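In our numbering, the protein residues as written are 286 to 418.
By construction, the Cβ of each residue, glycine as well, lies at the ideal position given by its N, Cα and C atoms.
Since the model is a prediction, treat every value here as computed from it, not as a measurement.
Take a look at the structure below.
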């Protein structure tokens, strides 16, 4: 089990779902990177405040630009976004989408940051940021 200190209940629930999925597929659990959590929360908050849903922020640019601006280096990285009423509903939708599923089950990824904010038309906005070094 990955320590989830500092995560909200919905973020911790999503982390557990991600890691259960990875372990079912013979992959190592993702470790929480607190810096990535902060960037993922910033992204979810930005989508809420600026009323958009997409990988490129009008404020901060791409997820990769956001990571670099936060001083995060990586060999490989990716981002999943979901709008849903709960972590469980979001996870189910992501796993039913091949591109999102590929990020969740990417063996090159070792760390994750999850940012969940409430108040959107979906109920909640979830950002998952993955990286591998």
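Can you tell me which of the options puts its alpha carbon nearest to the alpha carbon of residue i?
i: residue 415; options: 317, 367, 293, 308; result: 317
i: residue 373; options: 291, 293, 298; result: 298
i: residue 306; options: 408, 409, 381, 406; result: 381
i: residue 394; options: 383, 369, 363, 407; result: 363
i: residue 353; options: 325, 332, 309, 370; result: 325
i: residue 367; options: 386, 358, 309, 349; result: 386
Measuring only the C-alpha atoms, how far is residue i from residue j?
i: residue 400; j: residue 376; result: 13 Å
i: residue 351; j: residue 411; result: 16 Å
i: residue 408; j: residue 330; result: 13 Å
i: residue 314; j: residue 359; result: 18 Å
Which residues does DSSP list as the beta-bridge partners of residue i?
i: residue 399; result: 413
inquiry  = For the structure I just gave you, are there three or more beta carbon pairs, one from the region 300-314 and one from the region 329-344, closer than 8 Å?
reply    = no
ask   = Taking only runs of the beta strand (DSSP E) that begin and end inside the region 305-386, which ones reach a length of at least 3 residues, in chain order?
value = 361-369
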